[in-house]
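Notes follow once the structure below has been shown.
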Amino acid sequence: MSEDKDSYNIMLSGVGGQGLMLLSQTIGRACGKTDKKVITGEQHGLSQRSGSIYVHLRLGEDAHSPLIPYGEADLMVSLEGIEALRNIEYLKDDGRIITSRRLMHHPLEISRLEQEEEESYVTLEEIEERLEKVTSNIHMIDSLGLAEEAGNARTENVVLLGAICNLPDFPIDGEVLKEVVKETVPEKTIETNLKAFELGEKEASKGL
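Printed below as a string of structure tokens:
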């Protein structure tokens, strides 16, 4: 966790059903517990079929608009690799990216491949190569595998939450985030979610 600064912008992205809103709400509630100002803005992709969801989180006293301007996100967290690439224009130079290694191919991409307009699906390696043109601070995590190890594939979002709390400049303490997780998820899933959090925290510590 870092010392307080005037602002910290987080761009969250993913696909409907991945628990992106829980991730956003957990960070927001943790801000409330630590008296940090936070403004949230939500967007949906142009194509409803894609199910893309983007959440802007603006922390700090300098936060006024709910949407992060292009090139001003300190951190991008993506539950799906392609979504990280779609939103890269929000990241500032040498900002940080933590993304799942999971790829969920867009219906349009599948259609083009079937019609032979494209030779192959975009690969994780290609995504990483494009992201590296903007920043070297990239950490790709097998969030689905770690969630399954924790006992529930639906805890991918909590895996990534655990990962971001290890960032040297992240302004919220990990213990506060874990406290909010315990207060937010159903009681019978607390143990699984805390394990997912700790697995994400451990995985991120290897490369951060």
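My numbering puts the first residue of the sequence shown at 1199, with every later residue one more than the last.
For each residue, glycine too, the CB sits at the ideal point set by N, CA and C.
Chain-order list of residues whose beta-carbon lies under 8 angstroms from that of residue i (same chain, five-residue window excluded)
{"i": "Lys1231", "result": "Val1374, Glu1377, Val1378"}
{"i": "Ser1334", "result": "Asp1292"}
{"i": "Val1236", "result": "Ile1225, Gly1226, Cys1229, Gly1230, Leu1255, Arg1256, Leu1257, Ala1261"}
Helix, strand or coil at residue i [DSSP, three-state]
{"i": "Lys1290", "result": "strand"}
{"i": "Glu1240", "result": "strand"}
{"i": "Ile1280", "result": "helix"}
{"i": "Ser1403", "result": "helix"}
{"i": "Ile1388", "result": "helix"}
{"i": "Ala1261", "result": "coil"}
{"i": "Ile1251", "result": "strand"}
{"i": "Leu1397", "result": "helix"}
Candidates the options: closest to residue i by CA position
{"i": "Asp1409", "options": "Thr1390, Thr1224, Ile1336", "result": "Residue 1409 is absent from the model: the chain starts at 1199 and stops at 1406."}
{"i": "Glu1240", "options": "Glu1385, Ala1282, Met1209", "result": "Met1209"}
{"i": "Ser1211", "options": "Lys1290, Ile1237, Ile1295", "result": "Ile1295"}
Closer than 8 angstroms to chain B by CB, residue i
{"i": "Met1302", "result": "No chain B is part of this structure, which consists of one protein chain only."}
Chain-order list of residues whose beta-carbon lies under 6 angstroms from that of residue i (same chain, five-residue window excluded)
{"i": "Ala1345", "result": "Ala1351, Thr1353, Glu1354, Val1357, Ala1394"}
{"i": "Gln1216", "result": "Leu1277"}
Residues of its chain near residue i, where Cβ-Cβ distance is below 7 angstroms and the 5 sequence neighbours each way are ignored
{"i": "Arg1328", "result": "Leu1283"}
Segment contact, 8 angstroms Cβ cut-off, at least three pairs: the stretch 1345–1360 with the stretch 1219–1231:
In this structure the stretch 1345–1360 touches the stretch 1219–1231; the number of beta carbon pairs closer than 8 angstroms is three or more.
Which runs of the beta strand (DSSP E), 3 residues or longer, sit entirely within the stretch 1323–1383? 1335–1339
- Item | Contiguous beta strand (DSSP E) assignments of at least 3 residues, all confined to the stretch 1200–1228 | DSSP runs (the beta strand (DSSP E)) wholly in the stretch 1200–1228: 1206–1213.
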